[in-house]
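This report refers to the structure that appears directly beneath it.
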Amino acid sequence: MRRIKYAGILVICALCTSASWTQSNSPRMNDFMSKRFGMFIHWGPVTLRGTEIGWSRSKQVAADDYDNLYKEFNPVLFNADQWVLNAKNAGMKYIVITAKHHDGFCLWPTAYSSYNISATPFKRDVVGELAKACKKQGVAFCIYFTVLDWHDEDYPLHYGGDTLPRVNADMRRFVDRMKNELTELITKYHPYMLWFDGNWEKPWTLDYGKEVYAHIRKLDKDVIVNNRLGKGNHKQLGNETVGDYATPEQVVGEMDMNHPWESCITIANQWAWKPNDKTKTVQQSLQTLLATAGGNGNLLYNVGPMLDGRMEERQVAVLKQMGQWLSANGEAIYETKGGPFKPNTNYASTRKGNKIFIHLFRQDTTVLILPALSKMKVQQVHFLHGAALNFSQNESGITIQLPKEFPDKNASVIVLEMSGEASSLEVIEK
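In our numbering, the protein residues as written are -2 to 427.
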């Protein structure tokens, strides 16, 4: 991932893209957006140093040291089935693995680079084992692939922020090799989605993005592609977009009912594993998911497994508790639409059928006041799987009386049963 911190709430612009380079309204995209929750995994030899993947090369870790870490990489406790089970227990519906990050190391035994997992003491095909485990457990398997490679001599730049290009670099050779690597990944592992990154550097052009997208479509007409294959802002779909959905990073995107999006956010501070990295609480994690779904987006939540191949137990524990909440309340998240109320610091809302689900973030009030809904009436109000609540409604809004104690300290769900189809309601801008 690119290490950028965005301040405040992210606005995703409603710009149109060329139909030739996106499939944002396809049945596959609709299926993807219904999943709502996925696991991002950043992992590789850099775990031996505990620094950021890719970005620490030539910075915290000397390039020569970084580039030789693979010779020691032997994560003997890696278990693909356990990784997938951790995701499944968290209520996650898809997994994205960093098959190739900016450091150029490949987690599969590619025929097009010697810098890959088969050259390590471990030798096993991490990508292949994960693909197999996902298929067995019914989780969609997806692949992260960067369009820059600071290790490859044909890529002009050496590290993040480099402005002195390699003299003998050859982007034509580089792009052709990339297409060969993608052919391997698509034909051998059949990913549900390809998550690209690295398109901000100058050597990568919009034409290269279109060329690679066309190549992908020849191999698999249905595979989903994120918006980091072309150029332009990751936060939105725009005129330079090549791909199917937007990817705001480290922040929840703003509500957008017209363009698909997915926020990628870390469970800790660093994308790759870091000793004693601060992990977000269950409440923070869960409310991030609810705010994302309330804005009609997906959440790709990142974990960084350790150098021995295990996921940290404290992170797994947080994910498991999220999964327990989703096991009880999943109908208010999966296959829903965001809204009709915009998420705020007090609540988020989702909807399905004749129901609006209000996800309460705070427990310090006994009255909830919602904006008025002019097109239909509230018929009943109750906690999801729980007691009825007293309410009133008029032209000024909907007032719901709340108890002193809520069913769940992390997030409780209130159901508004409506007189009509809730998905037909327009977003309330208040």
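Built from N, CA and C at the ideal position, the CB exists for glycine as well.
{"Query": "Quick check on DSSP: helix, strand or coil for Gly35?", "Result": "strand"}
{"Query": "Excluding the 5 residues preceding and the 5 following Thr362 in the sequence, name in chain order all residues of the same chain whose CB lies nearer than 7 Å to its CB.", "Result": "Leu399"}
{"Query": "Hey, could you find the ends of the beta strand (DSSP E) Met415 is sitting in?", "Result": "Ser409 to Met415"}
{"Query": "Can you tell me whether Asn266 is buried or exposed? The criterion is at least 16 other CB atoms within 10 Å of its CB, across all chains shown.", "Result": "exposed"}
{"Query": "From Val239 to Asp78, what distance separates their C-alpha atoms?", "Result": "33 Å"}
{"Query": "Pull the bridge partners of Ser298 from the DSSP assignment, please.", "Result": "The question names Ser, but residue 298 is Tyr in the sequence shown. In the DSSP output, where bridge partners are listed per residue, Tyr298 has Met36 and Ile262."}
{"Query": "Using C-beta distances below 6 Å, list every residue in its chain close to Lys277, excluding the 5 sequence neighbours before and after it, in chain order.", "Result": "Ile264"}
{"Query": "Which full runs of the beta strand (DSSP E) of 3+ residues lie inside the region 299 to 373, going along the chain?", "Result": "344 to 349, 352 to 357 and 364 to 367"}
{"Query": "Suppose you measure from the CA of Val412 to the CA of Leu381; what does that come to, to the nearest Å?", "Result": "6 Å"}
{"Query": "Between which two residues does the alpha helix (DSSP H) harbouring Thr285 extend?", "Result": "Val279 to Gly291"}
{"Query": "Distance, Cα to Cα, Ser55 vs Asp64?", "Result": "10 Å"}
{"Query": "Which class does Thr44 belong to by DSSP, given the choice of helix, strand or coil?", "Result": "helix"}
{"Query": "Quick check: the Cα distance between Thr14 and Asn223, rounded to an integer number of angstroms?", "Result": "A caution first: Thr14 carries a pLDDT of 38, below 50, which makes its placement in the model unreliable, though a value can still be read off. For Thr14 and Asn223, the distance between alpha carbons rounds to 13 Å."}
{"Query": "Who are the Cβ neighbours of Lys401 in its own chain at under 7 Å, not counting the five residues just before and after it?", "Result": "Thr363"}
{"Query": "Would Gln134 pass as a contact of Lys176 if the rule is Cβ separation under 8 Å?", "Result": "no"}
{"Query": "Output the distance between the C-alpha atoms of Ile9 and Gly350, rounded to the nearest integer angstrom.", "Result": "Its pLDDT being 35, under 50, Ile9 is placed unreliably in this model, and the coordinates cannot settle the point."}
{"Query": "Run through DSSP, which three-state label would Glu426 get?", "Result": "coil"}
{"Query": "So, Ile114 versus Leu104, is the Cβ gap smaller than 8 Å?", "Result": "yes"}
{"Query": "Count the other CB atoms within 10 Å of the CB of Asn22; is the residue buried (16 or more) or exposed (fewer)?", "Result": "exposed"}
{"Query": "Between the alpha carbons of Asn293 and Ala116, how many angstroms are there, rounded?", "Result": "43 Å"}
{"Query": "Using the rule of at least 16 other Cβ atoms within 10 Å of the residue's Cβ for burial, across every protein chain shown, is Ala384 buried or exposed?", "Result": "exposed"}
{"Query": "When we look at the beta-carbon of Asp204 and count the other beta-carbons within 10 Å, is it buried (16 or more) or exposed?", "Result": "exposed"}
{"Query": "Would you decide whether Ala59 is buried or exposed? Buried here means 16 or more other CB atoms lie within 10 Å of its CB.", "Result": "exposed"}
{"Query": "Which first and last residues belong to the beta strand (DSSP E) in which Asn391 is found?", "Result": "Phe388 to Asn391"}
{"Query": "At which residue ranges does the region 137 to 223 contain complete beta strand (DSSP E) runs of 3 or more residues, listed in the order of the chain?", "Result": "137 to 143 and 190 to 194"}
{"Query": "CA-CA distance, Ile140 and Leu179?", "Result": "10 Å"}
{"Query": "Please report the residue range of the alpha helix (DSSP H) in which Tyr63 lies.", "Result": "Ala60 to Asp64"}
{"Query": "Would you check if the region 121 to 137 and the region 150 to 160 touch, i.e. whether three or more CB-CB distances between them fall below 8 Å?", "Result": "no"}
{"Query": "Going by Cα to Cα distance, which pick from Trp147, Glu198, Met168 and Leu323 is closest to Gln284?", "Result": "Leu323"}
{"Query": "I need the straight-line Cα distance from Asn76 to Gly306, nearest angstrom please.", "Result": "7 Å"}
{"Query": "For Asp122, which option in Asn326, Lys97 and Asp146 has the closest C-alpha, if you only look at C-alpha atoms?", "Result": "Lys97"}
{"Query": "Put Gln79 into one of helix, strand or coil per three-state DSSP.", "Result": "helix"}
{"Query": "May I ask which residues mark the beginning and end of the beta strand (DSSP E) holding Lys97?", "Result": "Tyr91 to Lys97"}
{"Query": "Rounded to whole angstroms, what is the Cα-Cα separation between Asn255 and Met89?", "Result": "24 Å"}
{"Query": "Across the region 207 to 214 and the region 242 to 259, are there enough close Cβ pairs to call them in contact, namely three or more that are closer than 8 Å?", "Result": "no"}
{"Query": "In its own chain, which residues sit with a C-beta less than 6 Å from the C-beta of Glu423, not counting the 5 before and 5 after it?", "Result": "none"}
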